[in-house]
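Protein chains in written order, with the numbering used here: chain R, 98 to 264; chain X, 116 to 282.
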């Protein structure tokens, strides 16, 4: 099963259409998609507008490959589940997002094992054909880096102590 | 120093359980919420109240108090006012000792309001903001007692600071 997701905010018709057309041309009936509220209605793949976070995680776990916009929610969930993914950034110039932060995300995270970037629709079709050759990322722990946890914990403890000293 | 598991907490009051501090954890949907959940191990000493924009997230934090509010962005001014009022009401009602947010607009309002009411506030800018801080992140800087970015190259001496990331 391939799971396509475009995120919980804006739609991403360009990506949905590309995956729909790819699935049609390859005769793939095992694609499920979360597509938001776009104008494009997929003809071939099965799609829903939104999923709850729990359903979303379940879909990611059930998938062999995640195909997603370059959003951190999708990326982190796939890394937590240890699933390979193809990400494609939403572009501001096409009105797909408010700015090009997804391009920056794709550049940075495309260097990680198990994450492949598709820069446009043609590139996406090529990378979807690689399907079987994608390597699986190492599963990450379900929590932030120890450094960040310690920083927050320390801040809370210190503020608490200072307040205790005042009273 | 004692052998306390939390190094900075050297003068732990014996009745700590009775004086457990309240922390309000606020995030928008999608990636913001996923990142907030990855910080949970930092809050283990607190009573945590969660706020987000999707009712479906309630199941992610079972056993904790949970509010869902309306989402808003800078492009929807009327909705922004509604979200600001919702957060103000929650902060006034809950009177948390700490407020933490991974963005975006709802978290900003919570931090401004919390700052007014004397809560200690923590802003962690989303890891999606690779090239520059988010607008809400920049604005939150004035009101956040701990102001963090997840990218070292965005940190400055005056803040935001860098202490690791959710990945």
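Beta carbons: idealized from backbone N, C-alpha and C, even for Gly.
{"Asked": "Separation of residue 181 of chain X from residue 170 of chain X, as counted between CA atoms", "Found": "9 Å"}
{"Asked": "Segment contact flag, the region 184-193 of chain R with the region 164-173 of chain R, C-beta cutoff 8 Å, min 3 pairs", "Found": "yes"}
{"Asked": "Coarse secondary structure for residue 213 of chain X, derived from DSSP in three states", "Found": "strand"}
{"Asked": "9 Å Cβ cutoff, residue 215 of chain X in contact with chain R", "Found": "yes"}
{"Asked": "CB of residue 146 of chain R within 9 Å of CB of residue 117 of chain R, strictly", "Found": "no"}
{"Asked": "Span separating the alpha-carbon of residue 148 of chain R from that of residue 217 of chain X", "Found": "21 Å"}
{"Asked": "Neighbour flag for residue 100 of chain R against chain X, beta carbons, 9 Å", "Found": "no"}
{"Asked": "Any chain X beta carbon closer than 9 Å to residue 180 of chain R", "Found": "no"}
{"Asked": "Nearest to residue 158 of chain X (by Cα), restricted to the options R:156, R:253, R:260", "Found": "R:253"}
{"Asked": "Span separating the alpha-carbon of residue 231 of chain X from that of residue 210 of chain X", "Found": "11 Å"}
{"Asked": "Residue-level contact to chain R via CB, residue 116 of chain X, 9 Å cutoff", "Found": "Its pLDDT being 40, under 50, residue 116 of chain X is placed unreliably in this model, and the value from its coordinates should be taken loosely. No, residue 116 of chain X lies away from the interface with chain R (no Cβ there is under 9 Å from its Cβ)."}
{"Asked": "Chain X contact for residue 247 of chain R (CB, 9 Å cutoff)", "Found": "yes"}
{"Asked": "Any chain R beta carbon closer than 9 Å to residue 297 of chain X", "Found": "Absent from the structure is residue 297 of chain X, since the part of chain X shown begins at 116 and ends at 282."}
{"Asked": "Other residues of its chain near residue 136 of chain X: CB distance less than 6 Å, five sequence neighbours each side excluded", "Found": "161, 212"}
{"Asked": "Completely contained alpha helix (DSSP H) runs for the region 164-223 of chain R, where each covers 4 or more residues", "Found": "169-178, 198-206"}
{"Asked": "C-alpha distance - residue 250 of chain X paired with residue 258 of chain X, whole-angstrom precision", "Found": "14 Å"}
{"Asked": "Contact residues within the region 234-256 of chain X, judged by C-beta distance below 7 Å to chain R", "Found": "235, 237, 241, 242, 243, 244, 245, 246"}
{"Asked": "Beta carbon of residue 214 of chain R nearer than 9 Å to that of residue 203 of chain R", "Found": "yes"}
{"Asked": "Selection of the region 147-162 of chain X by Cβ proximity to chain R, strictly under 9 Å", "Found": "147, 148, 149, 150, 152, 153, 154, 155, 156, 157, 158, 159, 160, 161"}
{"Asked": "Three-way DSSP call (helix, strand, coil) for residue 205 of chain X in this model", "Found": "helix"}
{"Asked": "Nearest-angstrom Cα separation, counted from residue 167 of chain X out to residue 262 of chain X", "Found": "20 Å"}
{"Asked": "Cβ pair residue 99 of chain R, residue 225 of chain R closer than 9 Å", "Found": "yes"}
{"Asked": "Cross-strand partners of residue 167 of chain X (DSSP beta bridge)", "Found": "X:183"}
{"Asked": "Straight-line Cα distance separating residue 180 of chain R from residue 161 of chain R", "Found": "7 Å"}
{"Asked": "Own chain partners of residue 157 of chain R with C-beta closer than 7 Å, once the 5 adjacent residues on each side are dropped", "Found": "100, 163, 174, 175, 178, 180"}
{"Asked": "The region 248-261 of chain R: positions lying closer than 9 Å to chain X by Cβ", "Found": "248, 249, 250, 251, 252, 253, 254, 255, 256, 257, 258, 260, 261"}
{"Asked": "For residue 227 of chain R, three-class secondary structure by DSSP", "Found": "coil"}
{"Asked": "Proximity test, Cβ basis, 9 Å: residue 146 of chain R and chain X", "Found": "no"}
{"Asked": "Nearest-angstrom Cα separation, counted from residue 218 of chain R out to residue 137 of chain R", "Found": "15 Å"}
{"Asked": "Where the beta strand (DSSP E) through residue 141 of chain X begins and ends", "Found": "136-141"}
{"Asked": "Interface residues of the region 158-192 of chain R facing chain X [CB-CB below 9 Å]", "Found": "167, 168, 169, 170, 171, 172, 173, 174, 176, 177"}
{"Asked": "Partner residues on chain R for residue 180 of chain X, Cβ-Cβ distance less than 8 Å", "Found": "What residue 180 of chain X touches in chain R: nothing, since even the nearest Cβ is about 18 Å away."}
{"Asked": "For residue 265 of chain X, three-class secondary structure by DSSP", "Found": "coil"}
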